[in-house]
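Engineer:
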Amino acid sequence: MKNRIPFLVIGIVCLFALIGLVSSVVSNPVGFMQNILSLVVIGLLIWFIVRRFSKASPERKEQKAFVKAAKRSKKRQQHTKGKILPKQGAQVKTATFKGKKRSASSAHLTVIEGKKSKKKNRATF
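Counting along the sequence shown from 1, when you hit position 29 you're at 29 in the UniProt record's numbering, and nothing is skipped either side.
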């Protein structure tokens with residue numbers, strides 16, 4: 001019984017809003033579209049102002065740092081790959097050599113931010 005009263009009030013308010021919306025569209029459709037357009041423009045303007053002048057969150061700074069480091073490492077990878085060009089003699093040697101393949105090291109990865117001052121207690125392992 002307690003939940004029934006707010007449900008009825010919300011239902012009546014929504015019904016009146018729907019009736020007003022339909023009557024506005026029927027009586028003056030151009031004015032209705034102007035109202036909707038002005039609401040959208042004002043909402044976008046407020047959203048842009050809030051987003052523009054709000055302080056940058058740490059997540060955005062970390063994301064920018066990550067993108068910057070990724071671009072730098074990608075550029076470094078392409079630069080080192082461009083320097084090492086296989087020669088004709090080197091192809092013959094690699095074809096005859098049947099040893100273990102070394103796994104590529106992950107030297108291109110860059111640590112952006114972290115807890116560098118925190119030391120792990122190795123005695124607990």
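Built from N, CA and C at the ideal position, the CB exists for glycine as well.
Can you look up E62 in the DSSP assignment and give me helix, strand or coil?
Structural biologist: helix
Engineer: What would DSSP say about S73, mapped onto helix, strand or coil?
Structural biologist: Helix, per DSSP.
Engineer: My assumption, with CB atoms under 8 Å, is that V22 sits in contact with F32. Please give the rounded CB distance.
Structural biologist: The Cβ separation is near 10 Å, so there is no contact.
Engineer: Is the CB-CB distance between Q77 and H108 below 8 Å?
Structural biologist: yes
Engineer: Work out the CA separation of K68 and V30 for me, nearest whole Å.
Structural biologist: 49 Å
Engineer: Any idea what DSSP makes of L109, helix, strand or coil?
Structural biologist: DSSP places L109 in the coil class of the three-state scheme, outside both helix and strand.
Engineer: State the start and end residues of the unbroken alpha helix (DSSP H) segment that holds N35.
Structural biologist: 29-53
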